[in-house]
Amino acid sequence: MMPAPRAILAAGLATLALAVAVAAPAMAVVAVVADVLILIAIVVDGRRAAAVALTATRRWPPLLVQGAPSRVEVHLSAPAGVVMVAREALHPGLAARPLRQRLVGAAPDEVAWEYELVPRRRGAHTVGPLTVRVLGPWGFAWSQRDLIGEEVRRVYPQTRWQGRVGRLLALAHRRELGRAPLRLRGTGTEPYALRDYQPGDPPTRIQWKASARRGRLIAREDTWERGMRLVILLDCARAMTSIESGRSKLDHALAAALALARVALSRGDRVTIVAFSDRIERILRSHSGSRAAAEAYAALYDLEARPSEPAYDLAVETVAAVEPRRATVVLLTSVVDIAAAELLRTSLVRLARKHRPILVNLEDPDLVRLALGIPERTEEAFAKVSSLEMLLANRRLGRRLQRAGIAVAVAAADQLAWRTLESYLSASRPRRATAQKGLQSEGQTPSSGTTGPVA
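In this note's numbering, each residue carries its 1-based index in the sequence shown increased by 10.
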């Protein structure tokens, strides 16, 4: 129970009466009586406001997505003419500040309050209670109560893609449903069956041991490789905490990793996602299936970056533990430290002895902005030199990794998902097709933004 503006105004008038009592002592009695009456009115009005019957329901959208507008509906049932002020105590990850709305009861109909919510951060966020203040019939007091208790809402990373990424994910979805089978040309690389040798078959297909056992030439029938192995290493360390336009680097990297997982799962690949910082944060194994992608979203939606250095060596050791056979390993990170770059290089070179690593480096917008900007002060000049030194070190790192046979791609945040998918699909092509494509494109200048040294 708390006084309303009308009660405060009445108390102010009573205070003026006390000031007049200096000249007219009789006014002091009037002021005291007025104060008592105001106090009684506040108590009675507050109790009458507390006795008003109120009910409320809140309707959330089916899915809350980071950065995507959503409509939330609050319905209150109150007697006609009752004045209310509703307050939503939302988590900072959902809204920048609490929301308030003045409503008037309209029984027997419900009063609807709709507001737009744009979630700011991924994860599980606690929504505070819906608090409603009811104004008493005399307008002297407010009565406050909570109508809806606390609840936890999940905010998922952005999953809707436009352009090339959206078309590729749509094709992956249709192929998963069996409506758009992939058309593969040429010979496969995985043994499928044995059959009698036919004139015209390449001699390289002859299985000599089987031919010796059966006394006639036996050839091997090949098919396209299925069930390839993909490991996605997702950096959740200090460099991924920086925020640009409301989204952190980890938000962009996680969205790219989930898009890559959807495409790989639609191809029948076995996908393992390892999130790491200075420790292993999470390990998720997914196999092809109708719910594999949804399970990946549910398991990784609340990943948070830690203010610590990335343990690339630990991530490489984890790959060896979770995937004993040769696999394609895609590392999503952002290199902004020379010392971390050297650790990254040695770890990837060691990983390349058994697996096929791909480095996808997310450009740091602040680093690029400092490097390209014109300094106006001494501090800005030192910052420009440092950023240029870091960019040069990244380019040297990219060249050294490429000489070691490691694919390297660099991308800005808005191109990260496409560059990741492009690098993975290029690496998963058969070697013969890749070699032919390389011969055809020899002498041509690659387009900017494709695989190349880390920038």
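Every residue, glycine too, gets a C-beta built ideally from N, C-alpha and C.
With respect to the 9 Å criterion, Leu244 and Leu275 are not classified as neighbours on the basis of their beta carbons. A check of alpha carbon separations from Pro72 across Tyr166, Ala66, Leu113, Pro147 identifies Tyr166 as the nearest. CA-to-CA, the gap between Thr67 and Arg81 works out to about 14 Å. The DSSP-derived three-state label of Trp152 is strand. The region 84-98 and the region 166-181 do not touch, with fewer than three beta-carbon pairs separated by less than 8 Å. Just so you know, the alpha carbons of Arg363 and Leu310 end up roughly 29 Å apart. Closest option to Pro385, judged by alpha-carbon separation, among Asp374, Leu398, Glu373: Leu398. Within the same chain, and ignoring the five residues on either side of Asp279 in sequence, the residues whose Cβ sits closer than 6 Å to its Cβ are Met238, Leu240. Secondary structure of Ile384 (DSSP, three-state): coil.
Ala229 has its alpha-carbon roughly 34 Å from the corresponding atom of Ser433.
Take the alpha-carbon of Thr251 and the one of Glu160: they are about 29 Å apart. Proximity to Gly149 across Leu181, Ala422, Ala51 peaks at Ala51, based on C-alpha coordinates. Beta-bridge annotation (DSSP): Gln111 is paired with Ala96. Per DSSP, reduced to three states, the secondary structure at Trp123 is strand.
Going by C-alpha positions, Gly173 is about 32 Å away from Met400. A Cβ-Cβ distance of about 5 Å is found for the pair Val40 and Ala27, placing them in contact under the 8 Å criterion. The beta carbons of Leu260 and Leu313 sit about 7 Å from each other, so the pair counts as a contact at 8 Å. Cβ-Cβ distances below 8 Å link Val114 to Gly91, Val92, Val93, Met94, Val121 in the same chain, with the five nearest sequence neighbours on each side left out; the list follows chain order. Within the same chain, and ignoring the five residues on either side of Leu361 in sequence, the residues whose Cβ sits closer than 7 Å to its Cβ are Val326, Val329, Val339, Pro367. Under DSSP, Pro367 takes part in a beta bridge, and its partners are Val339.
Residue pairing for Val82: DSSP places it in a beta bridge opposite Tyr125. Rounded to the nearest angstrom, the gap between the Cα atoms of Ala437 and Trp218 is 31 Å. Of the residues assessed, Glu333 falls on the buried side of the cut-off, its CB having 16 or more other CB atoms within 10 angstroms. Inclusion of Arg257 and Ala423 in the CB contact set at 9 Å is warranted, their separation being smaller than that value.
According to DSSP, residue pairing for Ser258 in a beta bridge involves Ile253. DSSP links Gly138 through a beta bridge to no other residue. Here Leu240 carries a strand assignment [DSSP, helix/strand/coil]. When the five nearest sequence neighbours on each side are left out, the beta carbons in the same chain lying within less than 7 Å of the beta carbon of Ala427 are those of Trp171, Val175, Ala265, Ala266, Ala269, in order along the chain.
Less than 9 Å divides the Cβ of Thr282 from the Cβ of Arg295. Spatial neighbours of Ala182 in its own chain (CB-CB distance under 7 Å, excluding positions within 5 residues in sequence) are listed in chain order as Arg272, Val273, Ser276.
Rounded to whole angstroms, the gap between the alpha carbons of Arg405 and Arg387 is 27 Å. By the CB criterion at 9 Å, Gly146 and Gly103 fall outside the cutoff. With 16 or more neighbouring CB atoms inside 10 Å of its own CB, Asp374 falls in the buried class.
With fewer than 16 other Cβ atoms from the protein chains shown falling within 10 Å of its own Cβ, Ala117 counts as exposed. Between Ala403 and Ala351, the gap from beta carbon to beta carbon is short of 9 Å.
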